[in-house]
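For the sequence shown, position 268 (counting from the first letter as 1) is numbered 255 according to my numbering, and the numbering increases by one without interruption. By construction, the Cβ of each residue, glycine as well, lies at the ideal position given by its N, Cα and C atoms.
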Amino acid sequence: MTTPLQGHLAMLLFSALVAGSFPLGAAAANDIAPIALNAVRFWLAAAVIGVAVALRGGVPRAARAAPWRYAVLGGIFATYFVLMFEGLKTAAPVSAAAVFTLTPILAAGFGWLLLRQITTARIALALALGAAGALWVIFRGDWSALRAFEIGRGEAIYFWGCVAHALYTPLVRRLNRGESALVFTFGTLIAGGVLLSLIGASAVAATDWAHLPARVWVAIAYTGVAASAATFVLLQFATLRLPASKVMAYTYLVPAWVTVWGLALGHPPPPAGILVGVALTIVALLLLLREER
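Here's what the structure looks like:
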């Protein structure tokens, strides 16, 4: 028997796994071109998901119609990850994770534009609180930086990646024609892998794959398997047991998990002022988890 508690536990693990991609990605970001890393990462994730698709009977003929849909989604998804690793060259992992928590409020905007989805007042308040907490972390808890709107280059780059991620979410629903989530994700990963391999061919060829530091292969393996394939399974598991708003809520837990990851990897804790912003994102999480009355 499945219960909502199992869905919450799945999303708790989901947020922890997603958070791990920030410090591990930051460690490898300056050792390899982001487009080359993600080309390999997309093919690895596609291989893992492809095995699952094959075990469930393969890709139905109907799912092969209008392949341009996968190209659009794969291109947007690839843009997100390339800009993420480009931003992590200079952005601190906690700051980048805070930028990521802006995704739900951006997705709500795109959801209204593309699907005319309306959010409740409570969810809007939670999104606003989460955004405020994210901005506090992005500006490093510095009022003068916030007033001057001094955004780090890495955070600014990654923000546009999060815009792509936010657009991706409602587009999946808009372009899906009844395909299972597993098959649809497989097509998206294949398309993304093809686009990254073509556009980044020179970067892939110029990479000295035999002499890359071990941390790069750790980042590729982690983002390809744990932060892609595993999180996909957890997300699908949770969406069958929880409302969409509650699934989305766990995005706000990522900065807190990044702090835990950083401590586990031996990094110094972030300044106490930044933790105020992390606390606000957790309050947003709790608001989104409350039952509607």
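Could you compute how far the alpha carbon of residue i sits from the alpha carbon of residue j?
| i | j | result |
| --- | --- | --- |
| V219 | P258 | Inspection of the sequence shows that residue 219 is occupied by Phe rather than by Val. Distance between the alpha carbons of F219 and P258: 33 Å. |
| L182 | G211 | 17 Å |
| L250 | R164 | 44 Å |
| A20 | Y209 | 17 Å |
| S189 | A3 | 34 Å |
| E279 | I269 | Residue placement at E279 is flagged as unreliable, the pLDDT there being 48, under the threshold of 50; the coordinate-derived value follows with that caveat. If you take the alpha carbons of E279 and I269, they lie about 18 Å apart. |
| A213 | H198 | 24 Å |
| S215 | V234 | 16 Å |
| V263 | A58 | 40 Å |
| L42 | L169 | 11 Å |
| V86 | F146 | 6 Å |
| G253 | F224 | 32 Å |
| V38 | A108 | 42 Å |
| P75 | G44 | With the sequence shown as reference, residue 75 is identified as Leu, and Pro is not the correct amino acid for it. Computed Cα separation, rounded: 39 Å. |
| V265 | A52 | 44 Å |
| R56 | L162 | 6 Å |
| I63 | W248 | 28 Å |
How many whole angstroms separate the CB atoms of residue i and residue j, which I take to be in contact at a CB cut-off of 8 Å?
| i | j | result |
| --- | --- | --- |
| A15 | R228 | Rounded, the Cβ-Cβ distance is 34 Å, inconsistent with contact. |
| A26 | V191 | 6 Å |
Is it right to say residue i is buried, meaning 16 or more other beta carbons lie within 10 angstroms of its own, or is it exposed?
| i | result |
| --- | --- |
| W123 | buried |
| A153 | buried |
| R281 | It is not possible to answer for residue 281, since the shown part of the chain is limited to -12 through 280. |
| P80 | buried |
| P(-9) | exposed |
| L267 | buried |
| T246 | buried |
| A(-3) | buried |
Does residue i come out as helix, strand or coil in the three-state DSSP assignment?
| i | result |
| --- | --- |
| E279 | Annotation note: pLDDT 48 at E279 (below 50); position unreliable, coordinate value reported separately. In the structure shown, E279 sits in coil (DSSP, three-state: anything other than H, G, I, E or B). |
| G148 | helix |
| I19 | coil |
| L267 | helix |
| P255 | coil |
| P200 | coil |
| T88 | coil |
| R142 | It is Glu, not Arg, that sits at residue 142 in the sequence shown. If DSSP states are grouped into helix, strand and coil, E142 belongs with the helices. |
| G7 | helix |
| T107 | coil |
| R161 | helix |
| T238 | helix |
| G187 | coil |
| S215 | helix |
| T210 | helix |
| T194 | coil |
> Residue ranges of each alpha helix (DSSP H) run of no fewer than 4 residues wholly in the stretch 37 to 80, ordered along the chain?
Replying inline: 55 to 74
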